[in-house]
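What follows is a set of notes on a single structure, which appears directly below.
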Amino acid sequence: MLPVELIREIIFRYVDDATPEKPTDLVHPSPSSRNQWFDVKPKAYWDSVSSLSLVSRVFRDITLEAWFQTFVVRRPKVHLTGLSTIPGVSQWTRVVHWINPTSFSEGLSLGHFSFKRSLMAFVRLRKLRIAAFPSNHSIILLEMFEELPPTVVELELRYHAWPSPQQLVPTATLLPNLRVLEMHQERAWCSLCNTCNVLRLRDDPVTITYTNGDGLPKLYNRYLAPLLHLRTVRLSAAYTLYGSVGLQDLKTPWRGECGECTSLHLTDEAFVADWEAQNKEEPRPPSLRKVIWTFAPVEEEESSEEDTESDYVDDLTRLQERYWMELDHDSDDDSGWDSLGSGDEN
Ligand SMILES: [Zn+2]
């Protein structure tokens, strides 16, 4: 028999290798695969690792520990109930992947936001990752949570259709020890026109890395300033080549401004002097060192936008109906752990 430490190393690696690649898209899957929204797996399929748990008691314990490093919450009522059924889960989980199952308006009508959730049971949680529902325009985000463990040092937000600095206001009280913040979505927030837009540029942008704490949109600085330990912020935005300005041509820092404002204002030297002074006056997180902007090209087919949007809404309606049908079925069994045996949703 191999030493337990070695078995542990092998099993953790096996589960890691069986985990699907983390998506890098800034928007939800393409129209042809939207119906797979509910099948997106941020962790290994249980079926792909379950055989390990049948070898022995030691193998089973280690396999469960490795598999529950990431805990998926897609149905809060089900998944946050009965955590004690497998006592180790609250100790094992390092990442909670929260997938919003419904749009804001749908959630309101169904009482989804009628009370706040707590993740305090996960005593060693390091990271919270929130994936928005497709085309979610909600500003409700961290307000969904009553309290989060003080051990959380990373927050990742993905797919939000309309990101807003306002969404980050609760971080100061909910996540006082936050060190790393990631925001990946199609639109970036522009502090000049106070909207979020797809970036229209003339040339392909390259990754921008600030190492002096600069680089955040003005209001993000203001709302994140109380976070004493925040050191790194990673942001992604989509762009099209329908614009008239290139970020490489600018002689001033670019902080998420939209293509139109960049072209109109950030090329105006008189305006830039005043704008820089305003940005310098804004409080910012005292430990912030790195701000990294990455970019992804996106196709804009404006002529067919209306039809595409209509199809999209139809798809979403069908998905929501399917979700709530599943949820109704689950409500007959609030322990939720049957789903562990029948599939691999935790
Ligand atoms: Zn703008």
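In the UniProt record's numbering, the protein residues as written are 1 to 346.
The C-beta atom is built at its ideal place from N, Cα and C for all residues, glycine as well.
Cut-off 6 Å between Cβ atoms - residues of its own chain near K127, not counting five sequence neighbours on either side
V95, E154
Are A238 and L199 touching if we call contact CB-CB under 8 Å?
yes
When burial is assigned at 16 or more other CB atoms within 10 Å of the CB, is Q185 buried or exposed?
buried
Cβ-heavy atom distance between C196 and ligand 1 below 7 Å?
no
CA-CA distance, I99 and H79?
12 Å
Contact defined as beta carbons within less than 8 Å: I believe G246 pairs with R202. What is the distance between those atoms, to the nearest angstrom?
5 Å
For a quick check, are the C-beta atoms of A172 and L219 less than 8 Å apart?
no
Close Cβ partners of L178 (< 8 Å) along its chain, the five nearest in sequence each way excluded:
V152, V153, E154, L155, T171, L227, H229, L230
Please output, in chain order, the residues near ligand 1 using a CB cut-off of less than 5 Å to any non-hydrogen atom of the ligand.
C190, L192, C193, C258, C261
Kindly indicate which residue of E182, L125, H97 has the alpha-carbon position closest to the one of P149.
L125
Does F115 pass the burial test, meaning 16 or more other C-beta atoms within 10 Å, or should it be called exposed?
exposed
Exposure label - A270; buried when at least 16 CB within 10 Å:
exposed
Cβ neighbour criterion (16 or more within 10 Å) applied to T85
exposed
Starting from residue 347, follow the beta strand (DSSP E) in both directions and report where the run begins and ends.
Residue 347 lies beyond the stretch modelled for the chain, which goes from 1 to 346, so this question has no answer here.
Residues near P283 in its chain [Cβ-Cβ closer than 7 Å; skip 5 each side]:
N221, R222, A225
Looking at C-alpha atoms only, which residue of M183, F145, E146, D16 is the closest neighbour of W162?
M183
Collapsed DSSP secondary structure at F68 in the structure displayed:
coil
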